[in-house]
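Numbering (this note's numbering), first residue to last: 9 to 261.
C-beta atoms are modelled at their ideal positions from N, C-alpha and C, and glycine is treated no differently.
The structure presented is a predicted model; accordingly, all values stated were derived computationally and were not measured.
To start, the structure itself, in structure tokens.
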Amino acid sequence: MKHFAVIQHSYSEFLGTLEAQLEKRAISYSYFRVFLNQELPSSALTFDALFLLGGPMSPLETDKYPWLTQELQTIAAFRKADRPVVGFGLGGLLLAQYEGAQLQLEPYHNAYFTTAHLGPAGKGDVLAEAVAGRKVMVWAPGTAILPPGKEALLVDDAGRWIAFRPDSGSMSLLFRPEMKPGLIEDILMEEDREVPEHIGELLEEARRLWPEMQQTTDQTLVALVRELSLMSERRKPRVFALKVDTGEDGSST
């Protein structure tokens, strides 16, 4: 059975609308809640893919959140093991950072709705062409300047990248296909959570666009499955049972 590792950075930001889509495809997943000091995956070889979810902190805030550095090491392990890696929001920035992007703290609450447009690398890309022309919610803690040689699959109304492909097995998205109005409401309820000043407007827009957002989520996942071969089960290490020899009297040796 296909099994994904999912790194979660806050109580409220989980796979959201993607959970049902993965379960429908017989894909199981395990959450690694680093914000609760849970350990990151010990081996990439026991999973078929890695998902890096959104979160409120910047990848640059390693002094407050030292596990951000460890997360880059996890990305490296999955990439070395030839496992697909997908990042949303904060996860997308971490993947960009791993590729050598120049991160910026401002705007710290980089959250807005935009129409997705094909970027320089978008023509012919299944995900880019599936999402182009649709309204999407971008939400990430800061921004990033892509490294030389990397071009955007999708850009926003101002021409800023919101999706790029680090390599054939990875996808970095600043827009949030897993988002739903209820998830935004949960973020509002999180204790001590800093939120954008216009979060009320974002919530209202999400409610208004909810049917379209659901369609965009479906098309995004279908494209990710196809482009990253997410339905292909990777070879995993065998699990060996410990055989215990017993003596004639039934005692173990």
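The continuous alpha helix (DSSP H) containing F86 extends over residues 75-88. With respect to the 9 Å criterion, A138 and A231 are classified as neighbours on the basis of their beta carbons.
Distance between Q105 and A152, taken at the CA atoms: about 8 Å. Linking G132 to M145 through their CA atoms gives a straight-line distance of about 23 Å. For Y37, the enclosing beta strand (DSSP E) covers residues 35-41. Taken through DSSP and simplified to helix, strand or coil, V14 comes out as strand.
According to DSSP, residue pairing for Y120 in a beta bridge involves V146. CA-CA distance, Q223 to G24, rounds to 14 Å. At the C-beta level, K143 and F121 come within 9 Å of one another.
Counting of Cβ neighbours within 10 angstroms places M221 among the buried residues, the total reaching 16 or more. Rounded to whole angstroms, E159 and G108 show a C-alpha spacing of 13 Å.
The three-state reading of DSSP puts G95 in strand, counting E and B together. The beta carbon of A85 sits closer than 6 Å to the beta carbons of A52 from its chain, once the five residues preceding and following it are set aside; these are given in chain order.
Contact annotation, P67 with L102: C-beta distance approximately 5 Å; criterion of less than 8 Å satisfied. Rounded to whole angstroms, L182 and L126 show a C-alpha spacing of 14 Å. When only Cα atoms are considered, Y39 and G63 end up about 14 Å apart. Per DSSP, M9 lies in no beta strand (DSSP E) segment and is marked neither H nor E.
Less than 9 Å separates the beta-carbon of M65 from that of P149. Looking at the backbone, the Cα of S178 and that of A57 are separated by about 10 Å. Annotation: the continuous beta strand (DSSP E) that includes Q110 extends over 110-112. The DSSP-derived three-state label of T224 is helix.
Residue pairing of A140 in beta bridges, as defined by DSSP: absent, with no partner found.
For the region 145-201, the full-length alpha helix (DSSP H) segments reaching 4 residues or more read 189-197 along the chain. Here L48 carries a coil assignment [DSSP, helix/strand/coil].
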